[in-house]
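Okay, structure first, notes after.
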Amino acid sequence: MQRTEKQEFTTSRGTRFMGISLLLGIPTLLIFSFLLSPADDNMDDAVRLIYVHVPMAIFAYVAIITTGIGSVFYLWKKSRWWDTVAHASAEIGLILCGLVLVTGSIWGRPTWNTWWEWGDVRLVTTLVLFLMILGYLALRQVPANPDLRAKRASVVGIIAAVNIPIVNRSVEWWENNTLHQKSSLTDGKLENLTLFTLFLGFIVVGISFLWLMTHRFRVGWLATEIEADGITGVIQERLNEGNSGGENPNYQQKDEVQ
Amino acid sequence: MDEQNIQMDLSPRVPKGRQTPKWLPLLAILAIAAAVVVLIWFLITNSQSFLPADEAVEERSELGDRRFQILGSPISSATSDQTVIIDGNEYTFFTISFDGVLVDVVSTGTPPDLFDEGIPVVLEGKWNQGPLPKSGFIFPNGANDGWWFSTNRILVKHDNDYREERLDDAEERGQIPKAPDS
Numbered sequence: 008m009q010r011t012e013k014q015e016f017t018t019s020r021g022t023r024f025m026g027i028s029l030l031l032g033i034p035t036l037l038i039f040s041f042l043l044s045p046a047d048d049n050m051d052d053a054v055r056l057i058y059v060h061v062p063m064a065i066f067a068y069v070a071i072i073t074t075g076i077g078s079v080f081y082l083w084k085k086s087r088w089w090d091t092v093a094h095a096s097a098e099i100g101l102i103l104c105g106l107v108l109v110t111g112s113i114w115g116r117p118t119w120n121t122w123w124e125w126g127d128v129r130l131v132t133t134l135v136l137f138l139m140i141l142g143y144l145a146l147r148q149v150p151a152n153p154d155l156r157a158k159r160a161s162v163v164g165i166i167a168a169v170n171i172p173i174v175n176r177s178v179e180w181w182e183n184n185t186l187h188q189k190s191s192l193t194d195g196k197l198e199n200l201t202l203f204t205l206f207l208g209f210i211v212v213g214i215s216f217l218w219l220m221t222h223r224f225r226v227g228w229l230a231t232e233i234e235a236d237g238i239t240g241v242i243q244e245r246l247n248e249g250n251s252g253g254e255n256p257n258y259q260q261k262d263e264v265q
Numbered sequence: 479m480d481e482q483n484i485q486m487d488l489s490p491r492v493p494k495g496r497q498t499p500k501w502l503p504l505l506a507i508l509a510i511a512a513a514v515v516v517l518i519w520f521l522i523t524n525s526q527s528f529l530p531a532d533e534a535v536e537e538r539s540e541l542g543d544r545r546f547q548i549l550g551s552p553i554s555s556a557t558s559d560q561t562v563i564i565d566g567n568e569y570t571f572f573t574i575s576f577d578g579v580l581v582d583v584v585s586t587g588t589p590p591d592l593f594d595e596g597i598p599v600v601l602e603g604k605w606n607q608g609p610l611p612k613s614g615f616i617f618p619n620g621a622n623d624g625w626w627f628s629t630n631r632i633l634v635k636h637d638n639d640y641r642e643e644r645l646d647d648a649e650e651r652g653q654i655p656k657a658p659d660s
């Protein structure tokens with residue numbers, strides 16, 4: 008049977024390498040963040056949140072821009088591959104965006120003296136971005152044929168991606184409407200171990216993103232294939248059940264793959 | 479078809495349950511609607527931005543007793559002699575500055591941890607003229623012009639400089655530099 012020859016797991020040499028890199032990278036980042044990098048003159052230890060908050064924010068942008076690109080290419084090429092990329096990336100983008108809001112809020116309390124400010128452009132535009140991605144993912148669960156569902160989701164995915172420059176530039180465009188600082192990285196306001204640890208944070212969060220993205224894409228692609236098989240696949244599966252005397256053919260498939 | 483396939487049970491399977499919960503479409507609509515509502519509400523209500531202290535002084539008559547947010551840097555950290563208890567309420571007296579223009583401030587409550595000279599703050603409150611809660615108080619190096627800003631909320635607008643040899647925002651504007659030991 009054709010489906011038995013397909014890969015039905017998401018691990019590969021690449022993902023194993025990324026996983027091992029993370030096992031080494033995360034403790035290294037923690038050591039640099041908490042022990043080796045200096046506390047800030049003004050913020051004291053609260054500055055250490057920069058090593059996860061900023062990389063997660065940047066990779067949330069990357070994830071949602073990837074969703075936007077996947078959505079554009081889906082609408083252009085009608086390719087399930089691009090739709091799966093957009094979907095996988097949106098899920099990771101939602102997690103990262105949520106973590107950015109949480110770590111930002113935790114950082115804001117000792118630094119700004121507030122957990123949240125409703126009048127703050129950076130905070131509110133980030134929340135809107137989070138809600139858009141939440142809406143994108145919820146929309147994908149609305150019952151519809153796969154093409155219609157992908158088309159609807161692509162429109163929301165593109166709108167969410169358009170929001171990224173607004174979120175990112177908000178601290179420059181509305182300087183007097185936000186407590187949020189401007190970019191320290193592009194302004195050259197970081198140095199020595201603080202700068203190094205931040206780059207380490209970028210590497211660790213970047214590998215985490217790629218690792219999650221690869222696995223989620225592969226799961227999504229398998230789901231897409233099953234969905235694309237449709238009724239033909241279901242009938243074939245029942246026929247296999249009959250031929251195998253009621254045994255679950257999936258076990259047999261695993262044996263064949265191995 | 480062979481004999482084995484003819485004998486197999488082809489009766490329809492009993493569905494195990496709905497794969498898509500009923501509430502998911504509603505959640506999708508609610509999430510997108512919430513995003514739009516928050517954005518519109520934000521754009522409508524966020525017309526007020528921080529007013530730098532020098533502009534707040536210039537526009538004092540237009541502002542009247544309207545509540546607004548003022549931006550400036552404390553010219554000194556709050557010391558114990560600037561905090562007094564009057565009728566059971568704690569008041570802190572300090573002065574902020576922006577581009578050389580001074581504004582005297584009376585705050586209810588204790589300033590936040592990061593409150594320090596040279597670190598910009600955003601204060602939410604309004605202009606007042608006349609006697610201070612503590613009569614006869616003189617703001618050290620302050621404006622002392624009879625006007626004072628009353629606030630019950632101090633937010634810190636930290637800069638983006640994490641270098642050891644940093645320049646405070648106030649210092650970059652040519653104002654009083656932060657004392658090394660403060």
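First to last, the protein sequences are chains U and G.
So in our numbering, spot 146 of the first sequence is number 153, and the numbers just go up one at a time.
So in our numbering, spot 86 of the second sequence is number 564, and the numbers just go up one at a time.
Just so you know, even glycine gets a beta-carbon here, dropped at the ideal spot from N, CA and C.
Predicted, not measured: the structure shown is a model, and the values here were computed from it.
Of all residues in the stretch 611-638 of chain G, only Arg631, Ile632, Leu633, Val634, Lys635, His636, Asp637, Asn638 place a beta-carbon less than 9 Å from a beta-carbon of chain U. Only residues of its own chain outside the window of five on either side were considered, and among them Leu592, Ile597, Pro598 have a CB closer than 8 Å to the CB of G/His636, listed in chain order.
Under the Cβ distance rule, G/Pro590 counts among the residues neighbouring chain U, one pair being separated by less than 8 Å. Listed by position along chain U, the residues whose Cβ is nearer than 8 Å to that of G/Ala534 form an empty set, because the closest Cβ is around 12 Å away. Straight-line spacing of the CA atoms in U/Ala46 and U/Phe203 works out to 14 Å. Where G/Arg641 is concerned, there is no enclosing beta strand (DSSP E), because DSSP gives it neither an H nor an E. For U/Val135, at least one C-beta of chain G is nearer than 8 Å to its own C-beta. For G/Gly603, the uninterrupted beta strand (DSSP E) run begins and ends at 599-607, by DSSP. Inter-residue distance for U/Tyr68 and U/Met220 is about 14 Å (C-alpha atoms, whole angstroms). Listed by position along chain G, the residues whose Cβ is nearer than 7 Å to that of U/Ser190 are Asn638. In this structure, U/Asn170 is the residue among U/Gly237, U/Asn170, U/Thr193 with its C-alpha nearest to the C-alpha of U/Gly75. If you draw a 10 Å sphere on the C-beta of U/Ser19, you find fewer than 16 other C-beta atoms in it, and that means exposed. Inter-segment contact for the stretch 89-100 of chain U and the stretch 54-65 of chain U is absent: fewer than three beta-carbon pairs are separated by less than 8 Å.
G/Asp582: member of the beta strand (DSSP E) spanning 579-586, first to last residue. For U/Leu42, no Cβ of chain G is located within less than 8 Å of the residue's own Cβ. The stretch 36-105 of chain U is shown to contain whole alpha helix (DSSP H) runs of 4 or more residues at 57-84, in chain order. G/Ala531 has a beta carbon lying at 8 Å or more from every beta carbon in chain U. Secondary structure at U/Ser161: helix, using DSSP grouped into helix, strand and coil. Minimum Cα-Cα distance from U/Ile102 among the listed residues U/Asp127, U/Leu144, U/Gly77 corresponds to U/Leu144. Neighbourhood of G/Val600 in chain U, by CB distance below 7 Å: Leu186, in chain order.
With contact defined as three or more Cβ pairs closer than 8 Å, the stretch 530-537 of chain G and the stretch 568-587 of chain G are in contact. In chain order, Asn183, Asn184 make up the part of chain U whose C-beta sits under 8 Å from the C-beta of G/Phe528. G/Pro618 and G/Phe572 have their alpha carbons spaced roughly 8 Å apart. Distances from the CA of U/Ile173 to each of U/Leu134, U/Val241, U/Asp90 were compared; the closest alpha carbon is that of U/Leu134. If you look at G/Arg631, you'll find it isn't in any alpha helix (DSSP H); it sits in the beta strand (DSSP E) that goes 625-634. According to the DSSP assignment, G/Leu549 belongs to the beta strand (DSSP E) that extends over 546-552. Annotation: the stretch 144-198 of chain U contains no complete segment of the beta strand (DSSP E) (minimum length 3 residues).
Using beta-carbon distances, G/Arg538 does not count as an interface residue toward chain U, since no partner is under 8 Å.
With contact defined as three or more Cβ pairs closer than 8 Å, the stretch 117-134 of chain U and the stretch 185-192 of chain U are in contact. Within the same chain, Val599, Val600 come within 7 Å of G/Leu633 by CB-CB distance, once the 5 residues on both sides are set aside.
Identification of residues in the stretch 42-66 of chain U having a C-beta nearer than 9 Å to some C-beta of chain G yields Pro45, Asp47, Asp48, Asn49, Met50, Asp51, Ala53, Val54, Ile57, given in sequence order.
What G/Asp594 touches in chain U, judged by beta-carbon distance under 9 Å, is Asn49, going in chain order. Short of 6 Å from the beta carbon of U/Ala157, and not among the five residues preceding or following it, lie these beta carbons of its own chain, in chain order: Tyr81, Asp90. The C-beta separation of U/Val163 from G/Ile510 comes to about 7 Å, placing the pair in contact by the 8 Å criterion.
Assigned with DSSP and collapsed to three states, U/Asn247 falls in helix.
In chain order, Val128, Arg129, Thr132 place their CB closer than 6 Å to the CB of U/Ser177, counting only its own chain and leaving out the 5 sequence neighbours on each side.
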